[in-house]
Structure formats: C-alpha cells, structure tokens
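If you use our numbering, the sequence shown corresponds to residues 94 to 339, in order.
Ideal placement from N, C-alpha and C gives every residue a C-beta, glycine not left out.
Owing to the predicted nature of the structure, the values given are computational and were not obtained by experimental measurement.
Below: the structure, in structure tokens.
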Amino acid sequence: MTLKDRKLAHRIYLYLGALFITSLVVSNLIFQKFFYWNPFGDFTVFGVSLFEVSVGILPYPITFLITDLISEIYGRKMANQIVTAGIFASFFSMGIILVAEVAPAIPSSPINDATFTQVFALSPIAVLASMIAYLLAQYVDVAIYHFWKKLTKGKYLWLRNNFSTFLSQFLDTFTVVALLCVFKVLPWELFFGLVVSGFIFKIFIAFIDTPFLYFFVYIMRKRFNLRPNEELDLDIMDLEKQNRTV
C-alpha cells in the first residue's frame with residue numbers, strides 16, 4: 094500500500110470512528126423520549142404496542158453497521174478499538190452532563206435548572222444498564238462476525254452481517270430491559286413485550302442496512318485493491334517510518 098493510500102485509509106477509519114461515537118453518545122442523550130410506529134396496525138406483544146420504542150434506538154443500529162464495516166475492511170482489532178473508544182466517550186459525556194446539572198442556572202438563563210434536569214438528567218441505573226448491554230452486544234457482534242468470516246473464508250457477507258447483528262441486538266435488548274426491571278426502573282410485566290418489540294425493530298433495521306454494507310465494502314475494496322477476505326493493515330509505526338523517509 095502506498096503512503097497516500099495508507100493516509101486515506103487512516104482518515105476513513107477516523108471518520109467512521111467519529112460517526113460511531115457520535116451515534117452512540119447521541120442515543121444515550123435522547124433515549125428518554127419514546128415514539129411509536131405502527132406499520133402493521135395497532136398490534137401488541139405481551140401488552141406492549143409493537144414498535145413503541147425510545148428514539149435512542151434510531152442512531153444505535155448505525156453503530157453495528159460501522160463495526161461490521163470496520164471488521165470487514167480493517168479487521169477485528171481495529172473494530173474492538175472503536176468499541177472501547179465508544180465506551181470511554183459515553184461515560185465521559187455522562188460525566189459532563191452530571192457536572193452541568195450541578196452548576197446552578199442564573200435567573201436570566203433561557204433554560205432553568207428544572208427544565209435542564211428534566212431533559213438531560215439521566216438515570217444512573219438506565220445509563221449503567223445501557224452501557225453494560227452495549228459492551229456485551231458490541232464485543233459479541235465483532236466476535237461472531239469474524240467467526241462467520243473465518244468459517245466462510247470471506248464469502249457470504251450478508252450471512253455474517255445479519256447473524257452477528259441478530260444475536261448481538263437480542264443480547265443488547267434483553268440485557269438492558271432485564272437490568273431496568275431488576276433495578277425497578279421498569280415493571281416486570283413489560284419485560285417480554287419490550288424485549289420482543291425492541292428486538293423486532295432492530296432486526297428490521299438490520300435487514301435494511303445490509304445493502305449499505307455491501308455498497309461500502311465494494312467501494313473500499315475497489316479503492317484499496319483488496320482481495321476477498323483481505324484486510325487493511327494500519328500499522329502506525331510503519332506509517333511514521335514511511336513519513337520519515339518521504
């Protein structure tokens with residue numbers, strides 16, 4: 094790979110990481126608002142309306158699309174690095190919000206303390222549940238993706254994309270709802286309905302993102318002349334060495 098290509102690959106990786114972290118942090122900031130979507134009419138599952146979910150679920154599937162793309166092009170190690178960075182960014186953003194909540198609003202502030210607290214004061218239990226579920230789901234997603242990639246020798250992209258996402262999304266939904274019920278943030282009678290509704294919604298989105306994954310993988314492989322199952326090697330030390338010799 095030429096120095097120019099290596100720099101471009103690094104730049105794309107950074108942009109993908111930025112999109113990943115932004116989607117994750119935003120999903121935690123907006124999760125308190127709920128909406129409903131009834132493409133199949135007024136249908137309920139265990140007493141919960143189908144697709145009655147938090148708006149925080151909207152940017153969340155983007156994170157799985159990005160980790161699958163990074164896994165396919167850059168490899169497992171680089172995908173796990175993005176996941177770890179997302180965890181750090183999430184906790185850091187929550188810390189900033191807690192500090193902002195403690196700071197008293199002046200009388201002329203457009204947003205007073207009560208309004209700020211109502212919108213941004215996140216339940217520590219809810220955030221902890223979300224982070225634990227995210228941590229499990231994302232690492233499992235990356236591991237399963239590479240298991241299927243190795244098993245199929247780089248073939249059947251749709252298979253590893255969907256199988257890894259299906260299991261990790263179920264694990265994410267099950268874990269976060271279970272923890273919220275354990276800590277009595279949600280009543281147990283809503284458990285099965287929320288798990289089924291959230292999981293079906295995420296699966297629906299996962300089917301939609303498969304063509305996008307095919308498209309981006311095709312573009313990346315063509316641009317960097319990658320063979321099937323070949324991954325980009327972003328060795329930072331090697332890049333610095335090339336910079337010194339140019």
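Please state if the CB of residue j and the CB of residue i are separated by a distance shorter than 8 angstroms.
| i | j | result |
| --- | --- | --- |
| F292 | T258 | no |
| Y250 | Y167 | In the sequence under discussion, the amino acid at residue 250 is Leu, which differs from the Tyr named in the question. Result no, Cβ atoms of L250 and Y167 do not sit closer than 8 angstroms. |
| I123 | G149 | yes |
| T98 | F317 | At residue 98 the sequence reads Asp, which differs from the Thr that was named. Yes. Within cutoff. |
| T268 | A226 | yes |
| R253 | K246 | no |
| F213 | A198 | no |
| L327 | Y106 | yes |
| V270 | L244 | no |
| A222 | L191 | no |
| F144 | S290 | yes |
| L264 | L228 | no |
| S349 | Y129 | The structure shown has nothing for residue 349, since the chain only spans 94 to 339. |
Considering only C-alpha positions, which residue in the set the options is nearest to residue i?
| i | options | result |
| --- | --- | --- |
| T156 | Y249, Q262, S142 | Q262 |
| I114 | T177, S147, S142 | T177 |
| P321 | Y108, S201, E165, I298 | E165 |
| M224 | A111, G179, H239 | G179 |
| H342 | V278, I163, I204 | Nothing about residue 342 can be reported from this structure: the residues present for the chain run from 94 to 339 only. |
| V220 | L109, P200, V278 | V278 |
Got a sec? Which residues, its chain only, sit under 6 angstroms from residue i by beta carbon, not counting five neighbours each side?
| i | result |
| --- | --- |
| I274 | Sequence check: residue 274 is Cys here, not Ile. Here the set comprises W281, F284. |
| A182 | I114, V118 |
Buried or exposed for residue i, going by 16 or more other Cβ atoms inside 10 Å?
| i | result |
| --- | --- |
| A172 | buried |
| K295 | buried |
| E323 | exposed |
| Y311 | exposed |
| Q211 | exposed |
| Y108 | exposed |
| D302 | buried |
| L96 | exposed |
To which residues of the same chain is residue i closer than 8 angstroms at the C-beta, ignoring the five residues directly before and after it?
| i | result |
| --- | --- |
| S116 | P152, Y153, I155, T156, I159 |
| A207 | none |
| M330 | In this prediction, M330 scores a pLDDT of 45, lower than 50, which makes its location untrustworthy; no coordinate-derived value is stated. |
| I237 | R253, F256, S257, L260, S261 |
| A111 | none |
| V235 | T160, S164, R169, A172, N173, V176, S257 |
| S186 | V118, N121, L122 |
| D135 | S142 |
I'd like to confirm the pairing. Which residues does DSSP put opposite residue i in its beta bridges?
| i | result |
| --- | --- |
| T266 | T266 pairs with nothing; no bridge assigned. |
| E145 | Y129 |
| T137 | S142 |
Between residue i and the rest of its own chain, which residues show a CB-CB distance below 7 angstroms, the 5 nearest in sequence each way excluded?
| i | result |
| --- | --- |
| E194 | F209, T210, F213, A214 |
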